[in-house]
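**Student:** Read in order, the letters of the sequence shown correspond to residues 237 to 831 in my numbering.
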Amino acid sequence: TAEAAVDAAEDALRAGAPRDALDRIEVALAALDAPTDAQSWRLRARAAAVAARAGAMNGRPDPDRLQEVEAIAERLGDDVLRLRARLDRVLAWVEEGRGSEARQLAADVAEEASTRGDAVTAWEARLAIARTLNRAGQYEGALAALEALAPLDDGRDAQAAFEAASVLVRLGRYEEGLATAERCAALARAEGLRIVEVRALLCAGNAHAEQQRYADAEASYGEARRASSSAGYVHGELAARINLANLSQYRDRYEEALPEYRVAIERGAFHPQLRSAACTNLGAGLEALGRHEEAIEAYEQAATALPEEENAAGLPFVHEGLAGCYLATGDLGRALHHAEQAVEAGRRASDPYIVVGALLKVGDIHRLGGEPARGKPALEEALATAEELRLAVRVHEARVLLAEVLADLGDACSARIVLAPLDDEDGLDLWVLHRRARVLLRIGDPTARAALTQARDAFVAAADAIDDPDLLETFLRGNEELARAALRHLGRLPDELPLLDGQVPARLPRADAPLGRALTEDEQVDVIWTPSLPSDPATGEGRRERLLRLLDEATAQGAAPTSFDLAEALGVSRRTVLRDVADLREQGREIPLGR
Numbered sequence: 237t238a239e240a241a242v243d244a245a246e247d248a249l250r251a252g253a254p255r256d257a258l259d260r261i262e263v264a265l266a267a268l269d270a271p272t273d274a275q276s277w278r279l280r281a282r283a284a285a286v287a288a289r290a291g292a293m294n295g296r297p298d299p300d301r302l303q304e305v306e307a308i309a310e311r312l313g314d315d316v317l318r319l320r321a322r323l324d325r326v327l328a329w330v331e332e333g334r335g336s337e338a339r340q341l342a343a344d345v346a347e348e349a350s351t352r353g354d355a356v357t358a359w360e361a362r363l364a365i366a367r368t369l370n371r372a373g374q375y376e377g378a379l380a381a382l383e384a385l386a387p388l389d390d391g392r393d394a395q396a397a398f399e400a401a402s403v404l405v406r407l408g409r410y411e412e413g414l415a416t417a418e419r420c421a422a423l424a425r426a427e428g429l430r431i432v433e434v435r436a437l438l439c440a441g442n443a444h445a446e447q448q449r450y451a452d453a454e455a456s457y458g459e460a461r462r463a464s465s466s467a468g469y470v471h472g473e474l475a476a477r478i479n480l481a482n483l484s485q486y487r488d489r490y491e492e493a494l495p496e497y498r499v500a501i502e503r504g505a506f507h508p509q510l511r512s513a514a515c516t517n518l519g520a521g522l523e524a525l526g527r528h529e530e531a532i533e534a535y536e537q538a539a540t541a542l543p544e545e546e547n548a549a550g551l552p553f554v555h556e557g558l559a560g561c562y563l564a565t566g567d568l569g570r571a572l573h574h575a576e577q578a579v580e581a582g583r584r585a586s587d588p589y590i591v592v593g594a595l596l597k598v599g600d601i602h603r604l605g606g607e608p609a610r611g612k613p614a615l616e617e618a619l620a621t622a623e624e625l626r627l628a629v630r631v632h633e634a635r636v637l638l639a640e641v642l643a644d645l646g647d648a649c650s651a652r653i654v655l656a657p658l659d660d661e662d663g664l665d666l667w668v669l670h671r672r673a674r675v676l677l678r679i680g681d682p683t684a685r686a687a688l689t690q691a692r693d694a695f696v697a698a699a700d701a702i703d704d705p706d707l708l709e710t711f712l713r714g715n716e717e718l719a720r721a722a723l724r725h726l727g728r729l730p731d732e733l734p735l736l737d738g739q740v741p742a743r744l745p746r747a748d749a750p751l752g753r754a755l756t757e758d759e760q761v762d763v764i765w766t767p768s769l770p771s772d773p774a775t776g777e778g779r780r781e782r783l784l785r786l787l788d789e790a791t792a793q794g795a796a797p798t799s800f801d802l803a804e805a806l807g808v809s810r811r812t813v814l815r816d817v818a819d820l821r822e823q824g825r826e827i828p829l830g831r
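See below:
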């Protein structure tokens, strides 16, 4: 019967199988095509409501069904049915990313339901308000709204527990969030709420991933994906797919992650929140691979996937990514614009971590643009905020960038003072080690050589620890500046690494080889050096800088090139090399050329 079909569809929806619910409800809707009395009209309204809820769960909201339920409620003069239809509209709008509209309507529904003594509908409307606050990045407000909900001792408590777990993880309270997610999964499993269980598993995976427990995260995401797939819960399956791709990206396995993001984007046309997240993460992966134009396109898609107001939590990452891409491509104007937008978006989303990161970019971009004084306040604010919040990695980054600005301003003393706390820090990031050494070298600090050695050794150790050739090449491309620095200062890269752009192998005399006779094989050494880069200016001064770079690289690898070696590498005559060497020596530069 039609009633049995509606009952079965409602059971399927409750069990977390929206695809099955839609299949069953089509039978009921066909049987109820021409209602004749109040009972059949009510049954038709139930069927339309199930169709609307199932569609919303799978990212395919059906406003016609919602309007049909409201029209039937009006026809029957049934205020309870009308109120439930309005609540269904709230839930559909939440899934569509129309958070502000959903929040206002939910508040109206909660007020009317309370007035009518309908405690359950009022409770569900208030839960919807908390959900919209969570999705808008207003985590403290969402948590307060959830804490105000009284327990109902039924399956709805599992829904509230999931929302609380999600908020706690986003607030960085990972262990609390994990415990709440696990409690939620158990509640949902006991009540047969498969969709809520899937969401709880995803949340537990997020809590593990944020603490770098990737194996545990992978297990949670995998379980969520399998459960979603078997239930036909497309939203859950796409969320699990994106999160599993994120794990690959965290491990620098970008080529595994990128196709997964693209599938999620293609299939996520009706899931704007997920589509926006997939675009953002795709942009981050492409940026890490140096594919900046593609990354910019992905970030811009993320920015337009949702209305700006509903993308408050995602926009800071989008703008920070765009700032990084434009910085890498040399467009400082656009880089600065997006870095400043990231600061403002981060403040609106109450995300201090992203604010600090964006302030660091603002300061560094001003420095690169030749305006270190304008960058100094942003870096000072970033350092103060990072120290206040105990964001250790951000503190380290802020110190080296602020020290660079101070060095640019000629204040070597202050630069050294800013760097001093890093002297005794263990486990500094490779990038921080390199930038710190570079500043110490610039200000003539006596510890500069030791700092360069430390940076070089840490980089080489990290490269040596990577067995997979593809991952190694990705590591080198992503740390190209460090790779070149390791080669130029005090030592070479590990053997048999892929060459960076512009690098060529050469066989040169060893630095300790005797003069005045032909050299044996043992008195020569294989080196890697960089005769030219796209950024080298095509001027005499640019050629002399290339000559100095070749000498630095050769010396670092224990070689002493002859003027003939240098002339061949630079593509000029030996006479030009000797003239350049003489000019450089007149400028007071030490030129280790004895052959």
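Even glycine gets a Cβ: it sits at the ideal position worked out from N, Cα and C.
Computed from a predicted model, the values in this text were never measured in an experiment.
Compute the distance between the beta-carbons of residue 611 and residue 600, then report whether it is under 8 Å.
**Tutor:** Result yes, Cβ atoms of residue 611 and residue 600 sit closer than 8 Å.
**Student:** Using CA atoms only, rank isn't needed, just tell me which of 450, 329, 708, 793 is closest to residue 741.
**Tutor:** When only C-alpha atoms are compared, the closest one is 793.
**Student:** Is residue 761 helix, strand or coil by DSSP?
**Tutor:** The answer is strand: DSSP assigns residue 761 an E or B state.
**Student:** My understanding is that residue 675 touches residue 655, with C-beta atoms under 8 Å, so please give their C-beta distance in whole angstroms.
**Tutor:** At roughly 6 Å, the Cβ-Cβ gap stays under 8 Å, so residue 675 and residue 655 are in contact.
**Student:** Where residue 811 and residue 755 are concerned, what is the direct C-alpha to C-alpha distance, given to the nearest angstrom?
**Tutor:** Cα to Cα, the separation comes out at about 23 Å.
**Student:** Using the DSSP secondary-structure output, state which residues sit across from residue 750 in a beta bridge.
**Tutor:** The partner list for residue 750 (beta bridge, DSSP) is empty, contrary to what the question assumes.
**Student:** Give every residue of the same chain whose Cβ lies closer than 8 Å to the Cβ of residue 418, excluding the five residues on either side of it in the sequence, and list them in chain order.
**Tutor:** Excluding sequence neighbours, residue 418 sits near 436, 440.
**Student:** Check whether the Cβ atoms of residue 399 and residue 349 lie closer than 8 Å to each other.
**Tutor:** Contact flag unset, no.
**Student:** Please classify residue 766 as buried or exposed, where buried requires at least 16 neighbouring CB atoms within 10 angstroms.
**Tutor:** Looking at its Cβ environment, which holds 16 or more other Cβ atoms inside 10 Å, residue 766 is buried.
**Student:** Could you give the C-beta distance for residue 493 and residue 481, rounded to a whole number, given that I count them as a contact under 8 Å?
**Tutor:** 4 Å between Cβ atoms; contact.
**Student:** I'd like the span of the beta strand (DSSP E) that includes residue 740, first residue to last.
**Tutor:** Taken as a continuous stretch (DSSP letters only), the beta strand (DSSP E) holding residue 740 covers 740 to 745.
**Student:** Evaluate the contact criterion for the stretch 629 to 637 versus the stretch 657 to 674: three or more CB pairs, one atom per stretch, below 8 Å.
**Tutor:** Touching, per the Cβ criterion.
**Student:** By the three-class DSSP mapping on this structure, what secondary structure does residue 559 have?
**Tutor:** Helix, per DSSP.
**Student:** For residue 795, which residues does DSSP report across the bridge?
**Tutor:** Looking at the DSSP assignment, residue 795 forms a beta bridge with 746.
**Student:** Look at the alpha carbon of residue 478 and the alpha carbon of residue 405, and state the distance between them as a whole number of angstroms.
**Tutor:** Rounded to whole angstroms, residue 478 to residue 405 spans 17 Å at the Cα level.
**Student:** With 16 as the cutoff for other CB atoms within 10 Å, does residue 577 come out buried or exposed?
**Tutor:** Per the 10 Å Cβ criterion, buried.
**Student:** Mind checking residue 351: buried by the 16 CB within 10 Å criterion, or exposed?
**Tutor:** Under this definition residue 351 is an exposed residue.
**Student:** Are there 16 or more other CB atoms within 10 angstroms of the CB of residue 662, so buried, or fewer, so exposed?
**Tutor:** Residue 662 is exposed by the Cβ-count criterion.
**Student:** By how many angstroms is the C-alpha of residue 508 removed from the C-alpha of residue 538?
**Tutor:** Cα to Cα, the separation comes out at about 9 Å.
**Student:** Are the CB atoms of residue 286 and residue 239 nearer to each other than 8 Å?
**Tutor:** No; because the gap between Cβ atoms is not below 8 Å, this pair is not in contact.
**Student:** Taking only three categories from DSSP, how would you classify residue 484?
**Tutor:** Looking at residue 484 - three-state DSSP - the assignment turns out to be helix.
**Student:** At what residues does the alpha helix (DSSP H) containing residue 541 begin and finish?
**Tutor:** Looking at the DSSP string, residue 541 is not in any alpha helix (DSSP H), and its letter there is neither H nor E.
**Student:** In chain order, what residues of the same chain lie with their CB nearer than 8 Å to the CB of residue 809, ignoring the 5 residues before and after it?
**Tutor:** Closer than 8 Å at Cβ, skipping near neighbours: 803.
**Student:** Counting C-beta neighbours from all protein chains within 10 Å, is the total for residue 457 16 or more, i.e. buried, or is it exposed?
**Tutor:** So residue 457 counts as buried.
**Student:** Along the alpha helix (DSSP H) that carries residue 565, what are the first and last residues, could you check?
**Tutor:** From DSSP, residue 565 is part of no alpha helix (DSSP H); its letter is neither H nor E.
**Student:** Roughly how many angstroms lie between the CA atoms of residue 237 and residue 580, to the nearest whole one?
**Tutor:** Computed Cα separation, rounded: 57 Å.
**Student:** Between the alpha carbons of residue 448 and residue 411, how many angstroms are there, rounded?
**Tutor:** Using only the alpha carbons, I get a separation of about 13 Å.
**Student:** Note down, one range per segment and in chain order, each beta strand (DSSP E) of at least 3 residues found wholly within the stretch 633 to 697.
**Tutor:** Segments of the beta strand (DSSP E) lying fully in the stretch 633 to 697: there are none.
**Student:** Give a yes or no on whether the C-beta atoms belonging to residue 328 and residue 288 are separated by under 8 Å.
**Tutor:** Cβ distance < 8 Å, so residue 328 and residue 288 count as in contact.
**Student:** Pull up the distance between the alpha-carbon of residue 271 and that of residue 277, whole angstroms please.
**Tutor:** The alpha-carbon atoms of residue 271 and residue 277 are separated by roughly 5 Å.
**Student:** Tell me the rounded alpha-carbon separation between residue 302 and residue 623.
**Tutor:** Residue 302 and residue 623: Cα-Cα distance of roughly 51 Å.
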